[in-house]
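K.L.:
Residue numbers (the working numbering): 81 to 264.
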């Protein structure tokens, strides 16, 4: 048997198979719903911690969606030296929530948060070219532990929201709130 006949008879992995139009639409819609929840949750958390009015929180959410859309387009199109030309949805990261809430609640306010985000973004652009050299120091065990820690630290926020958000309300912890959270 030569190499050509062996490679042609190899079975494709299920994740490498082409999906039909219906499956692509369904999975794309699922991806958008997942992305949307992630993009709006961070401004909700930060806005509530900063004591913003609902209209101001809405502005934070709109800004997050707008910038997430621009970043997704840049990532997908692949401007020179920027983006990987894959359909990766970019959005707000939960990794910064604890830091941002700490800045807001200790009197720094949103201007300090915005300045810190701009500085961190500039630093990110500067270290991105060398990141491929240091990635070997972050094996899957390390990155998995960090992601798990982020998720675990956000669990109290999710639990409070599932119970109704405001513990001073009489409906806090009601079965209606918990049922709605479970349904969604």
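A virtual CB, placed ideally from N, CA and C, is assigned to each residue, including glycine. What you are looking at is a predicted structure, and each value in this text was computed from that prediction instead of being measured.
Give the C-beta separation of residue 125 and residue 181 to the nearest angstrom, bearing in mind that I take them to be a contact with Cβ-Cβ under 8 Å.
P.N.:
Confirmed, about 7 Å.
K.L.:
Starting from the C-beta of residue 100, find all residues in its chain whose C-beta is less than 7 Å away, skip the five residues before and the five after it, and write them out in chain order.
P.N.:
Non-local C-beta neighbours of residue 100 in its own chain, meaning closer than 7 Å and more than five positions away in sequence, are absent.
K.L.:
Quick one: what's got a C-beta closer than 6 Å to residue 165's C-beta in the same chain, skipping five residues either side?
P.N.:
158
K.L.:
At the level of alpha carbons, what is the spacing between residue 223 and residue 252?
P.N.:
36 Å
K.L.:
Should residue 123 be labelled buried (16 or more other beta-carbon atoms within 10 Å of its own) or exposed?
P.N.:
buried
K.L.:
If I measure Cβ to Cβ from residue 85 and keep anything under 8 Å in the same chain, skipping five residues before and after, which residues do I get?
P.N.:
Confidence in residue 85 is poor, its pLDDT being 48 and thus under 50, which makes the residue's placement unreliable; the coordinate value appears in the next sentence. Cβ-Cβ distances below 8 Å link residue 85 to nothing in the same chain once the five nearest sequence neighbours on each side are left out.
K.L.:
Measuring straight from C-alpha to C-alpha, what distance separates residue 162 and residue 238?
P.N.:
34 Å
K.L.:
Whole angstroms are fine: how far does the CA of residue 257 sit from the CA of residue 207?
P.N.:
Answer to the nearest angstrom: the Cα atoms are 44 Å apart.
K.L.:
Got a sec? Which residues, its chain only, sit under 6 Å from residue 141 by beta carbon, not counting five neighbours each side?
P.N.:
120 and 123
K.L.:
Among residues of its own chain, excluding the 5 on either side of residue 233, which ones have a beta-carbon nearer than 7 Å to its beta-carbon?
P.N.:
178
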